[in-house]
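Asker:
Protein chains in written order, with the working numbering: chain A, 1 to 191; chain B, 1 to 191.
1. Hey, quick one: how far does the beta strand (DSSP E) through residue 175/B stretch, first residue to last?
2. Under 8 Å Cβ to Cβ from residue 114/A, same chain only, skipping five residues before and after it: list those, please.
3. Looking at the C-beta of residue 33/A, does it have a partner C-beta in chain B at a distance below 8 Å?
4. For residue 80/A and residue 132/A, I'd like the C-alpha separation in whole angstroms.
5. Exposed or buried, what is residue 153/A when buried is set at 16 or more other beta-carbons lying within 10 Å of its beta-carbon?
6. Does DSSP classify residue 159/A as helix, strand or coil?
7. Quick one: is residue 69/B near chain A, going by C-beta distance under 8 Å?
8. Would you verify that the beta carbon of residue 110/A is, or is not, closer than 8 Å to some beta carbon of chain B?
9. Report the residues of the region 53–65 of chain B with a CB closer than 9 Å to any CB of chain A, ordered along the chain.
10. Residue 178/A: which of 13/A, 156/A and 112/A sits nearest, CA to CA?
11. State buried or exposed for residue 68/A, treating a residue as buried only when at least 16 other CB atoms are found within 10 Å of its CB.
12. Would you kindly check if the distance between the Cβ of residue 161/B and the Cβ of residue 123/B is under 8 Å?
13. Using a Cβ-Cβ cut-off of 8 Å, state whether residue 30/B counts as contacting chain A.
14. What's the gap between the Cα of residue 94/A and the Cα of residue 109/A?
15. Straight-line CA distance for residue 135/B to residue 164/B?
16. Could you check the C-alpha separation between residue 37/A and residue 71/B for me, to the nearest Å?
17. Residue 208/B by DSSP, collapsed to three states: which one?
18. Beta-carbon within less than 7 Å of residue 30/B's beta-carbon, same chain only, minus the 5 sequence neighbours each way: which residues are those?
19. Can you tell which of 8/B, 82/B and 74/B has its C-alpha closest to the C-alpha of residue 40/B?
20. Whose C-alpha, out of 128/B, 173/B and 43/B, is nearest the C-alpha of residue 19/B?
21. Would you kindly report the start and end of the unbroken beta strand (DSSP E) that includes residue 107/B?
22. Could you tell me the alpha carbon to alpha carbon distance between residue 166/B and residue 21/A, rounded to whole angstroms?
23. Does the distance from the CB of residue 66/A to the CB of residue 34/A come in under 8 Å?
24. Since residue 97/A sits in a beta bridge, which residues does DSSP pair it with?
25. Tell me which residues share the same chain as residue 23/B and place their Cβ nearer than 8 Å to its Cβ, disregarding the 5 neighbours each side in the sequence.
26. Out of 83/A, 176/A, 118/A and 58/A, point me to the one whose CA is closest to residue 98/A's CA.
27. Would you kindly check if the distance between the Cβ of residue 125/B and the Cβ of residue 27/B is under 8 Å?
Written out as structure tokens, the structure reads:
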């Protein structure tokens, strides 16, 4: 997605080690027009997989998942990282190491919103180690629903997240921008 | 907003004590079409206040804030509850008691996205005690920016949140659905 690649190049801040700060448009301040385009790009790519629900994890997965849901006319479910007091007793549960905050985070989804006949499109902001996606895929497995696709806004190709996901899911994995890390610690951003 | 009132009546679950579970359409599973309508309603009501940025707190504030940002063509900033490792060193900071999870939660905003000349429209999903909104208003005060409005999707009129906000903000406070609690523990939902 060329607009996203250009935004990463113009507004992202590279801090070394393959880490690009994108909080000016993706995960702290949100560029709402760009996020609409991200939703359109996922909706177009995954249309043929015929999902019935978009699944993501709070918090930074919510904007791209919601825009994809808006563009496809589908409900969006986000895994909670703490169980609200009002949630029903039985839940689907997995844990994933936090990408940017340290420690493990729980991922909790109510069975009410992941019925066994659902066709699930998993959307997240970053694909790096892939461990959050693998945990979310485990939640889908617990529900008995069918995972039909995995979409990530930004993929770090120098981590093995895509391989981790491919070990548990043989369908389409699609990212809208890819960050490559070179031996001299420079990066390249491509669509 | 009549569509929201009808949705609360048809899909909300009243558990007593004025607590209505809305996680089937508002804060766990999101009805994307309803959320678009919520964004349109806020955009229309607050158009005259001429905001330049929408501010909210993660996670459940993000969907209504993002849809309002999309409808108004404005960036959306959400306060983080944990400081990401990639955030800049100086931050605006406040704390609010958690509505549904127990304990206090920190609210953190990077000064980069709340410049002193901003006109801030604060959007959140629930207005109950008002303490989250008051904490967010304190963050706006720290930034030197101007708060122009406060919009909440659902207001519990039997808690004193509106009064709490009115003590620190003399502009428009608007909710799209109001839940009243009666002496016999029954509720009424109105727009």
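The beta carbon of each residue, even a glycine, is placed where N, CA and C say it ideally should be.
Answerer: So, from the listed chains and residues:
1. The sequence position of residue 175/B within the second chain is 175, counting from 1. Run containing residue 175/B: 173–181, per the beta strand (DSSP E) assignment.
2. What you label residue 114/A is simply residue 114 of the first chain in a count that begins at 1. Taken in chain order, the residues that qualify are 53, 55, 77, 92, 120, 139, 140, 143 and 145.
3. Within the first chain, the letter at position 33 stands for residue 33/A. Chain B contact via Cβ: present.
4. As a position in the first chain, residue 80/A is number 80, starting the count at 1. As a position in the first chain, residue 132/A is number 132, starting the count at 1. C-alpha separation (whole angstroms): 13 Å.
5. Counting from one through the first chain, the residue named residue 153/A turns up at place 153. Buried: at least 16 other Cβ atoms inside 10 Å.
6. Reading the first chain from its first residue, position 159 is the one you call residue 159/A. Residue state, collapsed to three classes: coil.
7. Along the second chain, one-based indexing puts residue 69/B at 69. Answer yes: the Cβ-Cβ gap between residue 69/B and chain A drops below 8 Å somewhere.
8. By one-based count along the first chain, residue 110/A stands at place 110. Yes, contact with chain B.
9. 53, 54, 58, 59, 60, 62, 63 and 65
10. For the purposes of this step, residue 178/A is taken as the residue at position 178 of the first chain. Measuring from the Cα of residue 178/A, the nearest candidate turns out to be 156/A.
11. Your numbering for residue 68/A matches position 68 in the first chain. Residue 68/A is buried by the Cβ-count criterion.
12. Sequence index remark: in the second chain, residue 123/B carries index 123 (1-based). Sequence index remark: in the second chain, residue 161/B carries index 161 (1-based). It is not a contact, given that the beta carbons lie outside the stated cut-off.
13. To locate residue 30/B, count along the second chain from 1; it is residue 30. It does: the Cβ of residue 30/B has a partner Cβ on chain A nearer than 8 Å.
14. Taking the first residue of the first chain as position 1, residue 94/A is located at position 94. Taking the first residue of the first chain as position 1, residue 109/A is located at position 109. Their Cα atoms are separated by approximately 9 Å.
15. By 1-based counting over the second chain, the position of residue 135/B is 135. By 1-based counting over the second chain, the position of residue 164/B is 164. Between residue 135/B and residue 164/B, the C-alpha separation is close to 11 Å.
16. Residue mapping note: residue 37/A aligns to position 37 of the first chain, counting from 1. Residue mapping note: residue 71/B aligns to position 71 of the second chain, counting from 1. Looking at the two C-alpha atoms, the distance is approximately 14 Å.
17. Given a span of 1 to 191 for chain B in the structure shown, any question on residue 208/B remains unanswerable.
18. In the second chain, the residue the question calls residue 30/B occupies position 30. Closer than 7 Å at the Cβ level, and outside the excluded window around residue 30/B, lie 63.
19. In the second chain, the residue the question calls residue 40/B occupies position 40. Among 8/B, 82/B and 74/B, the Cα nearest to that of residue 40/B is on 74/B.
20. Here residue 19/B is taken as the residue at index 19 of the second chain, counted from 1. Ranking 128/B, 173/B and 43/B by Cα distance to residue 19/B puts 128/B first.
21. Within the second chain, the letter at position 107 stands for residue 107/B. Unbroken beta strand (DSSP E) run through residue 107/B: 104–109.
22. Here residue 166/B refers to the residue found at position 166 when the second chain is read from its first residue. Here residue 21/A refers to the residue found at position 21 when the first chain is read from its first residue. When rounded, the distance between both Cα atoms is 37 Å.
23. Translated into the one-based positions of the first chain, residue 66/A becomes position 66. Translated into the one-based positions of the first chain, residue 34/A becomes position 34. Contact: no.
24. Taking the first chain and counting its residues from 1, one reaches residue 97/A at position 97. Its beta-bridge partners are 104/A.
25. Along the second chain, one-based indexing puts residue 23/B at 23. Within the same chain, residue 23/B has close Cβ partners 29.
26. On the first chain, position 98 is the one that residue 98/A refers to. Of the candidates 83/A, 176/A, 118/A and 58/A, the one whose C-alpha sits nearest the C-alpha of residue 98/A is 58/A.
27. Within the second chain, residue 27/B is the residue found at index 27, counting from 1. Within the second chain, residue 125/B is the residue found at index 125, counting from 1. In this structure, residue 125/B lies closer than 8 Å to residue 27/B by Cβ.
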